[in-house]
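Protein chains: 2
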Amino acid sequence: MAHKKAFYAQSGGVTAVINASACGVLQTARQHAEAIGKVYAGRNGIIGALTEDLIDTSVESEAAIAALKHTPGAAFGSCRYKLAHEHRAQYERLIQVFHAHDIGFFFYNGGGDSQDTAYKVSQMRAEQAYPIVCVGIPKTVDNDLPITDCSPGFGSAAKYVATSLREAAFDLSSMCRTSTKVFVLEVMGRHAGWTTAACALAADRGGDAPHILLLPEVAFNEQRFLAKVSASVERQGNCVIAVSEGVKRSDGEFLSASRSKDAFGHAQLGGVAPLITDLISSKLGFKCHWAVADYLQRSARHIASETDVQQAYAVGRTAVEFAIDGRSAVMPAIRRVNDAPYHWEIIEVPLSEVANQEKLLPSHFISADGFGITEAARRYLAPLILGEAYPPFKNGLPDYVCLRNVAAPRKLLTTFAL
Amino acid sequence: MAHKKAFYAQSGGVTAVINASACGVLQTARQHAEAIGKVYAGRNGIIGALTEDLIDTSVESEAAIAALKHTPGAAFGSCRYKLAHEHRAQYERLIQVFHAHDIGFFFYNGGGDSQDTAYKVSQMRAEQAYPIVCVGIPKTVDNDLPITDCSPGFGSAAKYVATSLREAAFDLSSMCRTSTKVFVLEVMGRHAGWTTAACALAADRGGDAPHILLLPEVAFNEQRFLAKVSASVERQGNCVIAVSEGVKRSDGEFLSASRSKDAFGHAQLGGVAPLITDLISSKLGFKCHWAVADYLQRSARHIASETDVQQAYAVGRTAVEFAIDGRSAVMPAIRRVNDAPYHWEIIEVPLSEVANQEKLLPSHFISADGFGITEAARRYLAPLILGEAYPPFKNGLPDYVCLRNVAAPRKLLTTFAL
Numbered sequence: 123m124a125h126k127k128a129f130y131a132q133s134g135g136v137t138a139v140i141n142a143s144a145c146g147v148l149q150t151a152r153q154h155a156e157a158i159g160k161v162y163a164g165r166n167g168i169i170g171a172l173t174e175d176l177i178d179t180s181v182e183s184e185a186a187i188a189a190l191k192h193t194p195g196a197a198f199g200s201c202r203y204k205l206a207h208e209h210r211a212q213y214e215r216l217i218q219v220f221h222a223h224d225i226g227f228f229f230y231n232g233g234g235d236s237q238d239t240a241y242k243v244s245q246m247r248a249e250q251a252y253p254i255v256c257v258g259i260p261k262t263v264d265n266d267l268p269i270t271d272c273s274p275g276f277g278s279a280a281k282y283v284a285t286s287l288r289e290a291a292f293d294l295s296s297m298c299r300t301s302t303k304v305f306v307l308e309v310m311g312r313h314a315g316w317t318t319a320a321c322a323l324a325a326d327r328g329g330d331a332p333h334i335l336l337l338p339e340v341a342f343n344e345q346r347f348l349a350k351v352s353a354s355v356e357r358q359g360n361c362v363i364a365v366s367e368g369v370k371r372s373d374g375e376f377l378s379a380s381r382s383k384d385a386f387g388h389a390q391l392g393g394v395a396p397l398i399t400d401l402i403s404s405k406l407g408f409k410c411h412w413a414v415a416d417y418l419q420r421s422a423r424h425i426a427s428e429t430d431v432q433q434a435y436a437v438g439r440t441a442v443e444f445a446i447d448g449r450s451a452v453m454p455a456i457r458r459v460n461d462a463p464y465h466w467e468i469i470e471v472p473l474s475e476v477a478n479q480e481k482l483l484p485s486h487f488i489s490a491d492g493f494g495i496t497e498a499a500r501r502y503l504a505p506l507i508l509g510e511a512y513p514p515f516k517n518g519l520p521d522y523v524c525l526r527n528v529a530a531p532r533k534l535l536t537t538f539a540l
Numbered sequence: 123m124a125h126k127k128a129f130y131a132q133s134g135g136v137t138a139v140i141n142a143s144a145c146g147v148l149q150t151a152r153q154h155a156e157a158i159g160k161v162y163a164g165r166n167g168i169i170g171a172l173t174e175d176l177i178d179t180s181v182e183s184e185a186a187i188a189a190l191k192h193t194p195g196a197a198f199g200s201c202r203y204k205l206a207h208e209h210r211a212q213y214e215r216l217i218q219v220f221h222a223h224d225i226g227f228f229f230y231n232g233g234g235d236s237q238d239t240a241y242k243v244s245q246m247r248a249e250q251a252y253p254i255v256c257v258g259i260p261k262t263v264d265n266d267l268p269i270t271d272c273s274p275g276f277g278s279a280a281k282y283v284a285t286s287l288r289e290a291a292f293d294l295s296s297m298c299r300t301s302t303k304v305f306v307l308e309v310m311g312r313h314a315g316w317t318t319a320a321c322a323l324a325a326d327r328g329g330d331a332p333h334i335l336l337l338p339e340v341a342f343n344e345q346r347f348l349a350k351v352s353a354s355v356e357r358q359g360n361c362v363i364a365v366s367e368g369v370k371r372s373d374g375e376f377l378s379a380s381r382s383k384d385a386f387g388h389a390q391l392g393g394v395a396p397l398i399t400d401l402i403s404s405k406l407g408f409k410c411h412w413a414v415a416d417y418l419q420r421s422a423r424h425i426a427s428e429t430d431v432q433q434a435y436a437v438g439r440t441a442v443e444f445a446i447d448g449r450s451a452v453m454p455a456i457r458r459v460n461d462a463p464y465h466w467e468i469i470e471v472p473l474s475e476v477a478n479q480e481k482l483l484p485s486h487f488i489s490a491d492g493f494g495i496t497e498a499a500r501r502y503l504a505p506l507i508l509g510e511a512y513p514p515f516k517n518g519l520p521d522y523v524c525l526r527n528v529a530a531p532r533k534l535l536t537t538f539a540l
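Protein sequences, first through last, are from chains U and D. So the first sequence is residues 123 to 540, counted in our numbering. So the second sequence is residues 123 to 540, counted in our numbering.
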């Protein structure tokens, strides 16, 4: 008897290591051919299931699958598309497609919104009487998933921003005598300041950059901010600032007014760094430089955290093990056993507890003046960036894999309008 | 008899490898104690000489000097300060300081403006009858120095932008089905498009990102640009654009209107990426993301080109050898012997030929439609990013050195107003 097949898909904003999770899923499934048949990947996440656009991963070579571990982005395409719980036709279509392709395992790799999708699919088991084992796989640069110690993808983004900020600070301190006095780096994190907080890891000693963090959890106060910039330039001759794209005024409005929204109805942000530097140069007269990392911070596989790569792989591998074990509506999560040396293990958490939750920076991680982090935050963050995991290079550039992504033959005559 | 001492300083915008040149100078000088006494470094370039703020490099350990080879920024501080040829008092002051400290060798490490300073100082030999051997050391991320095959600092910036752009392109192609269709990376290069051109190295095959380069050498044509963006989204589902901060309209005006000027009277640029994405989203309706690399691209020592590091070190070492040989008013430059495999050697060029010259991208390096580069450009650029030269890491971050930078005792009673 042929074994049930599996469906795996990637969802939401991608990371430098989401493909390491894919690698964990695919390699582990191949090792368990006694339990799982071939793995289909959804082209562009859940959309691939709805449109019956399934990628046959069995045609990919072992080497190509292994190379996923060092390749950023989503190898099968991602999506920003949320299943509406009340939209019954979507679930009926999923069952139709899964049934047609004999799919008994569902793996969904994403953040909070995606775990919600995974949870809803898991409910089909009861509601639609379709037997499917459903496991979520955590991922998000924003590190805002609850329960898990951290979210795969975050450690590499953290290492990237801390490294970049340290390097830019060396540049700034070289220039500040006669030229630029302030450098602002804008990083991601719509509501949660984890990535901004990680910038603080760049500092080894007091006085080191960054001198100011602008966290989304702390309302922006122009007067106190400008006073802090002045004091920093006075003391060190320069001021390095890390600002979250999501920093807000005291009335809760984004400092960078949003102009468009993504498919989940979230405001699309970006561009607060030029705003901050305009403020500084007009009020204090300092020459400023600014950078916006944007996609660079979540795709910088060349400076990935080895710890992050290992965790991303482990949650992929464990998801398959959970599924083989018949555990459904769960997600493998990371539990911290010890800070230093960092020890962690994988635990099982119910999807119902992670879906649509957002873990913000707790107040005891934020320094008293709101412009920095505490020692507790540093203890939490420090191990997540440990270790280097360089990709192979070819002709001076990282050698990333592009899979063949061959579509499995369609079996349904019907199509589905998204 | 004590040997003449040397003065070394770093000038202009810094790079990821200017300290590798410093390492070459200091290690070579230490190996030639029979010819050169201690090396003083100017704190903040030529300003250190004018203000008699000399750093005694002889107190630094061998290990600290060696660590300069993997540390970005300017270890002794840089400056944007140009000697005015008609300003006789500046030269008289330099002679006063050099004389007081028995300085017979002058090394100035910088770009076109800095080579001009080095050239002017070399003229003191005749005009002021002060015996000084003066050697320029090339450096600039912009790659716009004439004669030399490339400028140390450029290869690492090129490797950084091509790597970052390739990674961001993997991200974009994952997202473009339902979300962002266009990604814009803004890079440095006020007048010369070398760094923008280097982004094209990210592409391995036709259709690969970047799909459009906006070079400062090609006047921006809105209609043709938008048509190209549309065609790219049509063909690949997305469009990756690299834009130079210095891209200009047909009337020669910077697309990003300048608001302030640096000490050399150059317009301070930045912020053309958001302008370009605004144009695209308003005219074509595509969701866009943008990043501005700014200081990150010229300080990213973690992804430096090994070729660049070697060349930076070699021009530092050779500058000292030239000086010991008594050759003055010269600069070591890189001569390309072969494209692939890349062979290069160091040659001697007169400072008079490099001062204040700007080497733009030649027209045969720009593709017919103006939005890309030719095979000739690719042959030129490809070897400059070859090889990785990772710095050591500690606690998950690059372990860069901060020198002690102890000031040499002052010998003059007079001060100098800059």
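Glycine residues also receive a C-beta, built at the ideal position from the N, C-alpha and C atoms. Note that this is a predicted model, so its numbers are computed, not measured.
Between U:Leu205 and U:Thr239, the C-beta spacing is below 8 angstroms. Residues of chain D with a Cβ closer than 8 angstroms to the Cβ of U:Tyr230 do not exist; the shortest Cβ-Cβ separation is about 15 angstroms. Only residues of its own chain outside the window of five on either side were considered, and among them Ser244, Val255 and Cys256 have a CB closer than 6 angstroms to the CB of U:Ser450, listed in chain order. In the three-state reduction of the DSSP assignment, D:Lys533 falls in the coil class, being assigned neither a helical nor a strand state. Contact check between the segment 301-320 of chain D and the segment 206-222 of chain U: fewer than three CB pairs, one atom from each, fall below 8 angstroms, which does not count as touching. Where U:Lys281 is concerned, the enclosing alpha helix (DSSP H) starts and stops at Phe276 to Met297. Residue contact with chain D for U:Gly328: absent (no Cβ-Cβ distance below 8 angstroms to any residue of chain D). For D:Tyr213, same chain residues with a beta-carbon under 7 angstroms away, outside a window of 5 residues either side, are Met246 and Gln250 in chain order. Taking U:Lys409 as the centre and dropping the five residues before and after it, the same chain places the C-beta of Ser301, Thr302, Lys303, Val304 and Ser403 closer than 8 angstroms to its C-beta, in chain order. For D:Leu418, the enclosing alpha helix (DSSP H) starts and ends at Tyr417 to Ser421. Interface with chain U (8 angstroms Cβ-Cβ cutoff): D:Lys303 is excluded.
In the DSSP annotation of this structure, the continuous segment of the beta strand (DSSP E) that includes U:Tyr130 starts and ends at Lys127 to Gln132. Here DSSP, grouped into helix, strand and coil, assigns D:Arg327 to coil.
Flagged as an interface residue toward chain U: D:Ser421, by a C-beta distance shorter than 8 angstroms.
For U:Lys191, the closest of U:Val437, U:Thr496 and U:Val452 by C-alpha to C-alpha distance is U:Val437. DSSP places D:Leu336 in the strand class (E or B) of the three-state scheme. In the three-state scheme derived from DSSP, where H, G and I count as helix and E and B as strand, U:Gly232 is classed as strand. Residue environment analysis places U:Glu208 among the exposed positions, since fewer than 16 neighbouring C-beta atoms fall within 10 angstroms of its C-beta. Among the residues of chain U, none has a CB under 9 angstroms from the CB of D:Gly494; the nearest is roughly 17 angstroms distant. Under the three-state reduction of DSSP output, U:Cys145 falls in the helix class. Distance from the CA of U:Leu348 to the CA of D:Ala511, rounded to the nearest whole angstrom, comes to 39 angstroms.
When the alpha-carbon of U:Ile158 is set against those of U:Trp412, U:Phe129 and U:Ile140, the nearest one is in U:Phe129. Annotated as proximal: U:Leu267 and U:Gly234, with beta-carbon spacing under 8 angstroms. Neighbours of D:Cys201 in chain U, taken as residues whose beta carbon is under 7 angstroms from its own, are Arg299 and Thr300 in chain order. Around the CB of U:Gly134, 16 or more other CB atoms lie within 10 Å, so the residue is classed as buried. Excluding its 5 nearest sequence neighbours in each direction, U:Ile469 has C-beta neighbours in its own chain below 7 angstroms: Ala455 and Arg457, listed in chain order. 8 angstroms or more divides the Cβ of U:Arg371 from the Cβ of U:Ala395. Between the segment 420-431 of chain U and the segment 272-285 of chain U, the count of C-beta pairs closer than 8 angstroms reaches three or more; the two stretches touch. D:Leu473 is classed as buried because its beta carbon has at least 16 other beta carbons within 10 Å across all chains shown. Nothing from the segment 445-471 of chain U brings a Cβ to less than 8 angstroms from some Cβ of chain D.
Using a Cβ distance threshold of 8 angstroms, U:Arg165 and U:Gly199 count as a contacting pair.
In the displayed model, U:Leu307 falls within a strand according to three-state DSSP. Annotation for D:Ile187: no beta strand (DSSP E) segment contains it, though the alpha helix (DSSP H) segment containing it runs Glu184 to Ala189. Cβ contact annotation for D:Ala163 (same chain, cutoff 6 angstroms, sequence separation greater than five): Tyr130, Ile177, Thr179 and Phe198, in chain order.
If you compare the alpha carbons of D:Thr193, D:Lys127, D:Ala325 and D:Ile168 with that of D:Glu156, the shortest gap goes to D:Lys127. Its Cα nearest to that of U:Phe493, the residue U:Leu337 stands out among U:Leu172, U:Gln153, U:Leu323 and U:Leu337.
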